[in-house]
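Protein chains: 6
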Amino acid sequence: MQVGTHLLHQPAGGKGKLLGGLPGTERGKVVVLGAGAAGGNSAALAAAGGANVVVFDKRPDRLAQMMALGSNVTALYPYEEYVARELRNADLVVGAVLVPSARAPRVVTAAMVKDMEPGSVLADISIDQGGCFETSKPTTWKEPTYVVDGVTHFAVTNMPGAVPQTSSQAISAAILPYVQRLASGPAWRDHEPLTGGINVDGGKVVHPALEGVV
Amino acid sequence: MQVGTHLLHQPAGGKGKLLGGLPGTERGKVVVLGAGAAGGNSAALAAAGGANVVVFDKRPDRLAQMMALGSNVTALYPYEEYVARELRNADLVVGAVLVPSARAPRVVTAAMVKDMEPGSVLADISIDQGGCFETSKPTTWKEPTYVVDGVTHFAVTNMPGAVPQTSSQAISAAILPYVQRLASGPAWRDHEPLTGGINVDGGKVVHPALEGVV
Amino acid sequence: MQVGTHLLHQPAGGKGKLLGGLPGTERGKVVVLGAGAAGGNSAALAAAGGANVVVFDKRPDRLAQMMALGSNVTALYPYEEYVARELRNADLVVGAVLVPSARAPRVVTAAMVKDMEPGSVLADISIDQGGCFETSKPTTWKEPTYVVDGVTHFAVTNMPGAVPQTSSQAISAAILPYVQRLASGPAWRDHEPLTGGINVDGGKVVHPALEGVV
Amino acid sequence: MQVGTHLLHQPAGGKGKLLGGLPGTERGKVVVLGAGAAGGNSAALAAAGGANVVVFDKRPDRLAQMMALGSNVTALYPYEEYVARELRNADLVVGAVLVPSARAPRVVTAAMVKDMEPGSVLADISIDQGGCFETSKPTTWKEPTYVVDGVTHFAVTNMPGAVPQTSSQAISAAILPYVQRLASGPAWRDHEPLTGGINVDGGKVVHPALEGVV
Amino acid sequence: MQVGTHLLHQPAGGKGKLLGGLPGTERGKVVVLGAGAAGGNSAALAAAGGANVVVFDKRPDRLAQMMALGSNVTALYPYEEYVARELRNADLVVGAVLVPSARAPRVVTAAMVKDMEPGSVLADISIDQGGCFETSKPTTWKEPTYVVDGVTHFAVTNMPGAVPQTSSQAISAAILPYVQRLASGPAWRDHEPLTGGINVDGGKVVHPALEGVV
Amino acid sequence: MQVGTHLLHQPAGGKGKLLGGLPGTERGKVVVLGAGAAGGNSAALAAAGGANVVVFDKRPDRLAQMMALGSNVTALYPYEEYVARELRNADLVVGAVLVPSARAPRVVTAAMVKDMEPGSVLADISIDQGGCFETSKPTTWKEPTYVVDGVTHFAVTNMPGAVPQTSSQAISAAILPYVQRLASGPAWRDHEPLTGGINVDGGKVVHPALEGVV
């Protein structure tokens, strides 16, 4: 969201539009594809910032959670015609469609991108798994963006790398309980969150999501 | 707002749309013309109910106040093309344009009404002063609505009459301080809020807004 | 909630009271019986609209969720004397007590209804399963209400029928993931949410809730 | 509010009731008399803490401001019968009725106090100007409370003295701009907020509120 | 929180600081150790009251829940150096570290207490299980506090005893569904929440947490 | 705020810290100098984004308004020692001290800047009137930043130029009522907001703020 907001500024090549708007102006429109952890968080930030937000997801429980973020959030099922319609006047689109152990599905076609207003911004968070826009290709922080049909594309694969201080502190807090358990002896074998994460055990592939892959 | 919400229900002849929406659906759209006490209150209720709200007013301070009601409120200057554009896909329009001591200006033309979706609802709160839709004519609680070009019109002149218990208690609390002052002797002549409300004094019209009228 | 609000208006036969109140007036009081999906949603709308809300439910987790809706919500265990006490000065009562595969229990007796103020409104959402007021009988949108002891009763069995546009869009988004899975071949047999919903399988009643019923 | 909350605890002699309530319990009820700076602040704290709040004031604009504090706040005109009714089941009453340059009016009679539940708490913030309960008499932090008809009375005249660190920092920030102006030479004579505060000038009483008093 | 707030007042021996602050002053700082039910609730109250709140917990999901309480809440992993740093300028510390069937770990050392500002307050909610401050010892409502190194300690073992009316109503609502099931015959044996709570069955210790203890 | 957030990212040369934080991390700290329109708006955005915010201003009413923005906002009087102390661990500092018709006072000395952490960001909004940091010098959107003592300085004079679409729409809505009045004939001479803005009238300097300047 923060990168997307910046890219919408005119000196950065964008439309020159403030997402939260001002009295007397329209609010910006943000479309988020996929309401998982990353997408949901983007939608929450966009909603808090005062934009008009549309989130797409297939899971009814996620739609309800997204709608509860605020009255400026609309949560819809990703029928192709709905996605195409909402993209047409979007200012910022966040692609966050992730399918575990699979390539991200390309829910936005090149034709839909062509239909968008020039100066709009696409940020593809699912680029690690192939990206969810047909026009996506991986970039780095050195040259983070490129333009297709007048639309700025942002697809940096290592996004947390922009805020290493916060990222490191957060990931440490998140994994330390597991590290301590691993370091405390063989008892960790009784702890499902850990055993459920084993990919290879005694030389054999044991994780169900990897069956047939390796 | 409550009457408008009811009129949108299909058994009442409306579109059959819930203003606050549900997960997986669009939210309803409410347009409010005029951000004075009545219009501002309507906008606040619509915003609290989860609708997508657009408010028009010419005063910059009112635009700022309206925008602060919530992230689902957009506050715009009433350029004619803006009003026409926003009305096109509105579900409920509240007309609350009041000009002191003058006929309400007709900011919505019959052509704009014709352009609206069938089953939409227009509620004209400024009907006491002539109404702000070209298609408005006064109605009563006995037969509160009529239909023009598929659009339900509500223009009851005595709106507070629907909730007499609340209206009476509120108006009593509001006027009692003034009544007590009036009843306490000639000292009320020093109280500007009261003296400023005098229309005729010693047989002469003294209120500036009435000059040239009577 | 929207229907109930409308029925409280005096032209609709109600008390003439605004649920959210005004400066200088009391707020209206809404009692909700049962904090499942429908009841919880009613309580949330009533709370957002500014009414004084009391919700009854037996489940501690639901009581906590209801209380978290806002500071104007009180969540209580449905002791008979508590229900009777809270109904006495209620303006709107929403009955939403549902027990899976069973008749709704009649938590409100005819005596409690007699004790209420004239012009109050009872809306029985559990009417599909028999209703939770002793005085309830099914109605339709054609003639949605009737009066018992001065209290307006609303008990339309097909409530979503009032907002068909929103209802259809919401239900489509909710069931489409299951339909797609069903249509994708026999693999749906591995999907618990679907298999758990089977009532009859291979000519035999298999759903536990139907045992002894059929 | 903080003192009042503490006094409601049973070890402090109170009812043993939590103002914000818990799931499955009633919320406490706080009545505030007077919506000036002190009373309004008390009401805001009580509302934020989740209590059921009733505020009395004669000024329509203050009633509107109080009501806007939250949906658990009711704002009423202080008709004597209203005050008596609301006090009957109040847990905590804050008296904050101030009239500039005059004794605080005694809006709560001894009879109303007798009618309250034992263990309830009265806090009289207007005690500096005589107090607004008929049963009030000034106390100090050494022995801050006394009991009348089972109702705990708190009427410490130097209330900010309980939090000297915060009080001193706040008052310094508030008066420093005026001190700087006074210290900068005779130009302060042009600054209305300062000249308006002069009581005696050139040996003569000049403040209108003191006319006839001295 | 309410007790802690009271103890910070100067007449009660505290620093004389208002946790929520005033315009022109710093806000008070509250540190909560442990984000279980009791700790989480304390943090929520402190956040609602406007203090600057830091919560420590090892569980990532709890950290996320705490952070969501409000923008004035920081949620951290309890690295020893972090705890020591945050305690140094804390005004109120709530100890709520509970480990099921085990003594509460002493996360705050006597050295850390010595490092705190005089007049600060420590409230040990985990005192029933041994307390989580090295300097804690059980107290009663009769003499609830004692001072170590200038820091007020509060460690009453029966805290709900201060608000018996609310406590009793809440606990009744919480346990009644279980009591009714127990009283309805041997069928309660099928209800996991009840069977999971059995400590001794047929003369044998059966609860896993008691293995090796008895 | 949006520019400042971007500059804190490591690829942009900043600390690599997320202002709103994450579960398990500290929140970023934003200091705002001056609570006028621009500074107050920055503080509001920073507060909404979840940062820890400190605002300095001399006016008591502005301090109260800033504090009301949220519980993560502290509002203080700009004693020099307070400003120096708060800057020391700030991540982003917004300078918005404006004095009508005068050079902005330099409230932040070069020594204070030297004392800040490397990678922090200073944004000087008052640069049009000379800037309020001793180390400020005007920049443009072409090369918007420079570094002093490891601290990134941003001081673009035409800030609204980054979002021309929103800026233009907002300014049009704000000035149109005045333009219409000016265009409607000599009657605008009765409208104080317009007459009060006249600098030169009939060849004479008439605006009080320009006396002695020209």
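Chains as they are written, first to last, in this note's numbering: chain W, 2 to 215; chain Y, 2 to 215; chain L, 2 to 215; chain X, 2 to 215; chain B, 2 to 215; chain U, 2 to 215. Every residue, glycine too, gets a C-beta built ideally from N, C-alpha and C.
Between the alpha carbons of T153(B) and A174(W) lies a distance of about 31 Å. In the pairwise beta carbon analysis, the stretch 175-186 of chain B is classified as not touching the stretch 156-164 of chain B: fewer than three pairs are separated by under 8 Å. Excluding residues up to 5 positions away in sequence, A48 lie with their Cβ nearer than 6 Å to the Cβ of G71(W) in the same chain.
Taking 9 Å as the cut-off, the beta carbon of A85(X) is found closer than this to the beta carbon of D116(X).
The three-state reading of DSSP puts L93(U) in strand, counting E and B together. Comparing C-alpha distances from V4(L) to each of L23(L), I126(L), E118(L), V114(L) shows the shortest one belongs to I126(L). Taken in chain order, the members of the stretch 76-106 of chain U whose beta-carbon sits within less than 8 Å of a beta-carbon on chain X are L77, Y78. Judged by beta-carbon spacing, V122(W) lies within the 9 Å limit of G15(W), meaning their Cβ atoms are closer than that value. Every alpha helix (DSSP H) stretch that sits fully inside the stretch 78-156 of chain U and reaches 4 residues is listed by chain position as 81-89, 111-115.
Burial of R63(Y) is indicated by the presence of at least 16 other C-beta atoms within 10 angstroms of its C-beta. Membership of N53(Y) in the beta strand (DSSP E) is indicated by the continuous run 53-57. The straight-line gap separating the alpha-carbon atoms of P106(B) and V100(B) is approximately 8 Å. Excluding residues up to 5 positions away in sequence, M2, T6, L20, G21 lie with their Cβ nearer than 8 Å to the Cβ of G50(X) in the same chain.
Residues of chain B with a Cβ closer than 9 Å to the Cβ of P209(W) do not exist; the shortest Cβ-Cβ separation is about 24 Å. Annotation: R60(U) to P178(X) spans about 7 Å, alpha carbon to alpha carbon. The three-state secondary structure of V32(Y), taken from DSSP, is strand. In this structure R28(B) is buried. Its beta-carbon is surrounded by 16 or more other beta-carbon atoms within 10 angstroms. The criterion of a C-beta distance shorter than 9 Å is not satisfied by V148(B) and F134(B). Residue-level contact by beta carbon holds for L23(W) and chain U, with a gap shorter than 9 Å.
Within chain W, the residues placing a beta-carbon under 7 Å from that of S72(Y) are A48, G51, G71, S72, N73, ordered along the chain. Straight across, the Cα-Cα distance linking H192(L) with G198(L) is about 10 Å. The Cβ of L9(L) sits no closer than 9 Å to any Cβ of chain X.
Proximity of L64(Y) to chain U, defined by a Cβ-Cβ separation below 9 Å, is satisfied. For R182(W), the enclosing alpha helix (DSSP H) covers residues 165-184. Taking the Cα of P145(B) as reference, the smallest distance to any Cα among W189(B), A156(B), T136(B), L88(B) is reached at A156(B).
By the CB criterion at 9 Å, L93(W) and L8(W) fall inside the cutoff.
Any Cβ of chain L closer than 9 Å to the Cβ of P61(X) would place that residue at the interface, and such an atom is present.
Within the stretch 169-200 of chain U, contact with chain Y at the beta-carbon level (separation under 8 Å) is assigned to S173, A174, A175, L177, P178.
Contacts with chain Y at 9 Å (Cβ-Cβ) include A163(L).
M68(Y): member of the alpha helix (DSSP H) spanning 61-68, first to last residue. The three-state reading of DSSP puts V4(L) in helix, counting H, G and I together. The three-state reading of DSSP puts T196(U) in helix, counting H, G and I together.
Judged by their CB atoms, V55(Y) and L77(Y) are nearer to each other than the 9 Å cut-off. The distance from the Cβ of Q166(W) to that of K18(U) is about 5 Å, consistent with a contact at the 8 Å cut-off.
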